[in-house]
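What follows is one structure encoded as structure tokens, with my remarks underneath.
Numbering (this note's numbering), first residue to last: 27 to 108.
As structure tokens, then:
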């Protein structure tokens with residue numbers, strides 16, 4: 027329905043808002059994203075709000091379709107702009 031509402035057959039990028047608490051849960055969601063990618067519904071996949079390099083490395087290593095996008099918010103008050 028969302029693609030119909032957007033009047034398109036695919037999206038350029040599908041980004042998961044944030045990782046789940048457990049890596050296994052993140053991978054469950056990621057596998058569904060991979061299915062959409064394989065069906066041509068999403069041209070690239072990505073992750074947002076993943077500030078742990080270890081978590082990103084685990085996702086990258088376990089993913090069949092590697093994340094093309096990592097979107098994080100960096101600003102002075104977040105402490106992530108070091």
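Note that CB positions come from ideal geometry on N, CA and C, so glycine has one too.
According to DSSP, residue pairing for residue 68 in a beta bridge involves 37.
When DSSP states are grouped into helix, strand and coil, residue 27 belongs to the coil group. Residue 100 and residue 45 have their C-alpha atoms some 17 angstroms from each other.
Here the alpha carbons of residue 80 and residue 49 stand approximately 11 angstroms from one another. The alpha-carbon of residue 66 is positioned some 24 angstroms away from that of residue 82.
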